[in-house]
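Protein chains in written order, with the numbering used here: chain X, 1 to 433; chain D, 1001 to 1313. All C-beta atoms, glycine included, are put in the ideal place defined by N, C-alpha and C. Computed from a predicted structure; not experimentally measured. Reviewing the structure listed below.
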Ligand SMILES: Nc1nc2c(ncn2[C@@H]2O[C@H](COP(=O)(O)OP(=O)(O)OP(=O)(O)O)[C@@H](O)[C@H]2O)c(=O)[nH]1
Ligand SMILES: [Mg+2]
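So this is what it looks like as structure tokens:
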């Protein structure tokens, strides 16, 4: 397992104590670590070079603040610089015309169709816009059907192309219809295409001419590697991109492509796709993306998610009990129920940084259906047993196992994990985000 | 685009210069440096490393390859202009040439079951269709199973392909249990005495435990129907994927028992260098390469051709 960047930086700066300024030597040592971290995160080589150069200029000679260690200080400069580039002058979507046309473009499989539906739902719920979804992908089998289904399932409107085989004609007709019926926004889902495919690049350029979009968003997969620079560069040379949507951010990719994209497209990242469901879409947060690129986890997103979806009273009760070290199996069952509301446990654990007290939590790796079995076991215990599982002797264990349709080894595992969790949570409760 | 500040412009110019300096040029510089001296210039080796990094080989593997080249070059006189490239290509080719394990075969008269797995949008459905096209091209009886019951219009997408190829497809309704589709597809394949069944599954991120479990269930169901099934599990990987490809391969190997890789979208400019890290750590063979969107656009993986393409622009 790799050490975290902050651990590695701490090692670089171990001997620095007492010096008033960040020296060239130390900054260069630190930048070596940062370079590797960025490369591991898929930031393009040339972007890494220019980025580390910019950080170097800012860091050398920088006064060491008393409140921060030198390692923290360099990290802060790096983080600030990342946020600055990723966020750009993040502006809200321009939706002045009526209809305002938004064109989604990108490579095959990057997530355009899903993002079209997500963006439509987002505009409908946050800005109360009337949105028309336009299937302008005439190449991939069943692409139109996919968008139509997503629209139907989510109460969105979808243009009916009536089998029109030409993407430009379709797009034009759709915008006309949007105008006629008074839609605020028309979102055009185009076919995925390679930037080296001259015929298809010409097609999308013609769609643009025919529809005069106010926003042209490049849709890119968060798992993209070095090629992000080339593809976005080529799309940007052909079309005046206005922003980027980064998809599949619910995985564990470090997402360094975001930095490459922001640098090359010179346009802000606007939205992030964070799941397969249409509502799993959010405004892009440069600060979170920056921590993630540096391998420092997405703690903020996690905290927000937990706050948004857990029953606050139950959460407060748990924290209080944790503080008093009274976390019982009853509370654990409570936690399982809360976790269910949060979505799958494994995706939640993916939000946690790979360092500190969470290192072990990640390794716990509790399969989601195991929580159901755990709940069943806890349900089969008496109040006394739930309060203090130490009373569970051999015969009680057999009773609980058979009552819950599980086995004694499974029960033992639950108890072991309960103890581990109790220990970890005590640590986490003391931690502040 | 809006006009940019001059400072930004010079940065972009720098970036562009880096981009349009082709690998060929970079590595030629290494060659130059080495021809003039016997020991390679460290700066020239940096250029070599950069070329590898640009191909998504990743920092660890890139450093290893550079070290291997340096060692090899130190061992002998260098005279030819392209010898650095040759040494590097040879090393890449060697690393990718795994002795292919004999593919598991079904009992006589039973269908070979091939499972397509991978994260969202990599090309599973298209590759399943391409493989089916190959199979019928060589006179086999093929069948498709629409086990992606989750994504909107995924079943229709496979049906369009099936219609084009004239291959029957077994499907349920959207939202149905994919394992049940696989169950029925296996029975149908047996009944029709099909030679091979390609199972298209839903794209899923390798971090979603419950979705990965679903693949394990599909495997169990297939094994109950056809001894030894699935006989092949192909992880479909998009060539644009960066270092995350390794995490994908690890998890899909663990949960779905991947037996080989398919690298798609190699008709673009992405190099797919992450397979070097995957092959090194997991010893999974790369079986096919996708080079386009039509049924014929599938090639057998060739380590030599891959090594050539990795370093050529
Ligand atoms: N250029 C190119 N495009 C490809 C290749 N393979 C697949 N595609 C395209 O990539 C897009 C996604 O392919 P699919 O086969 O739908 O991918 P999938 O993995 O089944 O996607 P999900 O089921 O949504 O996860 C489609 O537009 C395909 O035509 C390839 O080798 N080259
Ligand atoms: Mg598919």
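Alpha-carbon spacing of residue 1120(D) relative to residue 77(X), whole angstroms
Those two C-alpha atoms are separated by around 35 Å.
| query | Quick one: what does DSSP say residue 270(X) is sitting in, helix, strand or coil? | reply | Residue state, collapsed to three classes: strand.
task = Determine the chain X residues that contact residue 1156(D) at a beta-carbon separation under 7 Å, and present them in chain order.
result = In chain order: 142, 145.
Identify each residue in the region 1197–1210 of chain D for which the Cβ-Cβ distance to at least one residue of chain X is less than 8 Å, and report them in chain order. Sequence-ordered contacts of the region 1197–1210 of chain D with chain X read 1205, 1206, 1207, 1208, 1209, 1210 [C-beta pairs closer than 8 Å].
Does the separation of the CB atoms of residue 24(X) and residue 74(X) fall below 8 Å?
Not closer than 8 Å, so no.
DSSP three-state call for residue 1232(D): helix, strand or coil? Note: residue 1232(D) maps to strand in three-state DSSP.
- Message: Please tell me whether, using a cut-off of 7 Å, the distance from the CB of residue 1244(D) to the nearest non-hydrogen atom of ligand 1 is below it.
- Response: Relative to ligand 1, the beta carbon of residue 1244(D) is positioned no closer than 7 Å to any heavy atom.
- prompt: DSSP beta-bridge partners for residue 1146(D)?
  reply: In DSSP, residue 1146(D) forms a bridge with 1200(D).
Quiz item: Thinking C-beta only, is residue 189(X) closer than 8 Å to residue 113(X)?
Solution: For residue 113(X) and residue 189(X), yes; Cβs fall inside 8 Å.
Practice task
For residue 1285(D), collect the residues of the same chain with a Cβ closer than 6 Å to its Cβ; drop the 5 residues on either side in sequence, then sort them by chain order.
Solution key: Closer than 6 Å at the Cβ level, and outside the excluded window around residue 1285(D), lie 1098, 1100, 1260.
Inset, instruction - Compute every distance between the C-beta of residue 1149(D) and the non-hydrogen atoms of ligand 1, then say whether any falls below 7 Å. - result: Between ligand 1 and residue 1149(D), a heavy atom-to-CB distance of less than 7 Å is absent.
Any heavy atom of ligand 2 closer than 7 Å to the beta-carbon of residue 1238(D)? Every heavy atom of ligand 2 is 7 Å or more from the Cβ of residue 1238(D), so no.
Inset, instruction - Answer with yes or no whether the minimum CB distance from residue 1195(D) to chain X is below 8 Å. - result: So no, residue 1195(D) is outside the interface.
Original post:
Listed from N- to C-terminal order along the chain, which residues in the region 152–171 of chain X have their beta-carbon within a distance smaller than 8 Å of any beta-carbon of chain D?
Top reply: For the region 152–171 of chain X, the residues whose beta carbon sits under 8 Å from a beta carbon of chain D are, in order, 153.
Extent of the continuous beta strand (DSSP E) run through residue 282(X):
Unbroken beta strand (DSSP E) run through residue 282(X): 281–283.
Residue burial classification, residue 256(X) (beta-carbon count within 10 angstroms, cutoff 16): Its Cβ being crowded by 16 or more others within 10 Å, residue 256(X) is buried.
Is there a Cβ of chain D sitting closer than 8 Å to that of residue 299(X), yes or no? Unreliable positioning characterises residue 299(X) in this predicted model, as indicated by a pLDDT of 41, which lies under 50. A coordinate reading is not provided.
**Asked** Just how far apart, CA to CA, sit residue 134(X) and residue 1173(D)?
**Response** In this structure, the straight-line span from the alpha carbon of residue 134(X) to that of residue 1173(D) is close to 25 Å.
Any chain D beta carbon closer than 8 Å to residue 52(X) | No - not a single Cβ of chain D is within 8 Å of the one on residue 52(X).
Just to check my reading of the structure: residue 1153(D) and residue 149(X) have Cβ atoms closer than 8 Å, yes? What is that Cβ distance to the nearest angstrom?
5 Å between Cβ atoms; contact.
* Asked: Are the C-beta of residue 1123(D) and some C-beta of chain X separated by less than 8 Å?
  -> Using a Cβ-Cβ cut-off of 8 Å, residue 1123(D) counts as an interface residue toward chain X, since at least one Cβ of chain X sits closer than that to its own.
**Prompt:** Hey, how far is the Cα of residue 53(X) from the Cα of residue 154(X)?
**Reply:** In this structure, the CA atom of residue 53(X) is about 47 Å from the CA atom of residue 154(X).
- Query: Residue ranges of each beta strand (DSSP E) run of no fewer than 3 residues wholly in the region 182–207 of chain X, ordered along the chain?
  - Reply: Here the runs fully enclosed are 185–190.
Going by the beta-carbon positions, is the gap between residue 1295(D) and residue 1130(D) smaller than 8 Å? The Cβ-Cβ distance between residue 1295(D) and residue 1130(D) falls below 8 Å.
- prompt: DSSP state of residue 1268(D), grouped into three classes?
  reply: Reduced to three states, the DSSP call for residue 1268(D) is coil.
Just the chain X side, please: which residues come within less than 7 Å of residue 1214(D) by C-beta, in chain order?
-> Simply none; closest approach about 11 Å.
Taking the beta strand (DSSP E) that residue 132(X) belongs to, which residues open and close that run? Run containing residue 132(X): 131–136, per the beta strand (DSSP E) assignment.
Looking at residue 278(X): is its Cβ nearer than 8 Å to the Cβ of residue 86(X)? 8 Å or more divides the Cβ of residue 278(X) from the Cβ of residue 86(X).
Report task. Anything in the region 1139–1164 of chain D with a Cβ closer than 7 Å to a Cβ of chain C? List those residues in chain order, please. Result -> Looking for chain C here will not work: the only protein chains present are X and D.
- Message: Using DSSP's beta-bridge definition, name the partner residues of residue 1195(D).
- Response: DSSP, once it has assigned bridges, lists no residue as partnering residue 1195(D).
Does the pairing of the region 265–283 of chain X with the region 121–130 of chain X give three or more beta-carbon distances under 8 Å? By the Cβ criterion, the region 265–283 of chain X is in contact with the region 121–130 of chain X, since at least three pairs of Cβ atoms, one from each stretch, lie closer than 8 Å.
- Item | the region 94–123 of chain X: positions lying closer than 7 Å to chain D by Cβ | When CB distances to chain D are screened at a threshold of 7 Å, the residues of the region 94–123 of chain X falling below it are 107, 108, 109, 110, 111, in chain order.
Quiz item: Out of curiosity, what's the CA-to-CA distance linking residue 102(X) and residue 126(X)?
Solution: Approximately 17 Å between the Cα atoms of the pair.
Three-state secondary structure assigned by DSSP to residue 1112(D)
Here residue 1112(D) sits in strand by DSSP.
task = Run the proximity test for residue 148(X): is its beta-carbon closer than 7 Å to any non-hydrogen atom belonging to ligand 1?
result = No heavy atom of ligand 1 is found nearer than 7 Å to the CB of residue 148(X).
**Per-residue DSSP class, three states only, for residue 1061(D)** = Here residue 1061(D) sits in helix by DSSP.
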